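Take a look at the structure set out below.
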Amino acid sequence: MNESRTSNASESETDSLYFRVESIKLSELYDWCNKSNIHDTAARSPLAESVEKRSLGLNKVTDYFSSGKAYATMRCGRKVNVNHCELALFRKDQNVYAVEDKCPHAGGPLHMGDIEDYGYQQKPCVRCPYHGWKFDLTTGECIYPRHQTKQARVYPVKVDPNDGSLWVGFKCFNEQYFREPSW
1 MNESRTSNAS ESETDSLYFR VESIKLSELY DWCNKSNIHD TAARSPLAES VEKRSLGLNK
61 VTDYFSSGKA YATMRCGRKV NVNHCELALF RKDQNVYAVE DKCPHAGGPL HMGDIEDYGY
121 QQKPCVRCPY HGWKFDLTTG ECIYPRHQTK QARVYPVKVD PNDGSLWVGF KCFNEQYFRE
181 PSW
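170 is the number that UniProt numbering gives to position 170 of the sequence shown; each next residue is one higher, with no gaps.
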């Protein structure tokens, strides 16, 4: 994984343990910079898209979504579970951002939010679909409404330049790895 690209995040890159995101490659994430992948199906929600695809038959719908093709064209993030944490992944050009999927304000699913640029530096932020709160994808800072202390938890992401696999950094293993079995 040498020469991998890394997105900025609040967790220190050198202090992180990286976990591979299973079954997802860079090319399977919707690119918020690429205007050519925005078409009629891209503007619809995953639910509307799946209803339309049902007319093709259940197997075709399953194949379409499991292949990653649908997610690469839908205007939303990708919900994943890494290190026992539910995360939302977003792609903007060759940068990938990981944020805890649960909005710190009211628990909204951030993977369903829109990505927007803000400020003169055009930093990427995610807008929660529930109440419109916006969080910087590089720091987790609440951008809107102003003067809020709640922060979204963000994680560094590395992209393997050889195969496009994604790796998310954490400070430690999740405590669930160390729990006694309930059997």
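We treat Cβ as the ideally placed atom computed from N, Cα and C, and that holds for glycine.
Since the model is a prediction, treat every value here as computed from it, not as a measurement.
query: Neighbour-count burial assignment, L17, 16 or more Cβ in a 10 Å radius; result: exposed
query: Residue environment, R146, which counts as buried when at least 16 other CB atoms sit within 10 Å; result: exposed
query: Assigned secondary structure, L110 (DSSP; H/G/I helix, E/B strand, else coil); result: helix
query: Rounded straight-line distance, which links the Cα of W167 to that of E175; result: 19 Å
query: Check whether E86 and V154 have beta carbons under 9 Å apart; result: no
query: Sheet register partners of D117 (DSSP bridge); result: P124
query: Endpoints, the beta strand (DSSP E) within which L166 is located; result: S165 to F170
query: CB contact flag (V159, Q94, <9 Å); result: yes
query: Closest residue to C128 among A88, P161 and I24 (Cα-Cα distance); result: A88
query: Residue 245, buried or exposed, once every other Cβ within 10 Å from all chains shown has been counted against 16; result: Outside the shown range of the chain (1 to 183) lies residue 245, about which nothing can therefore be said.
query: Closest Cα partner of D136 within the set Y118, Y130 and R75; result: Y118
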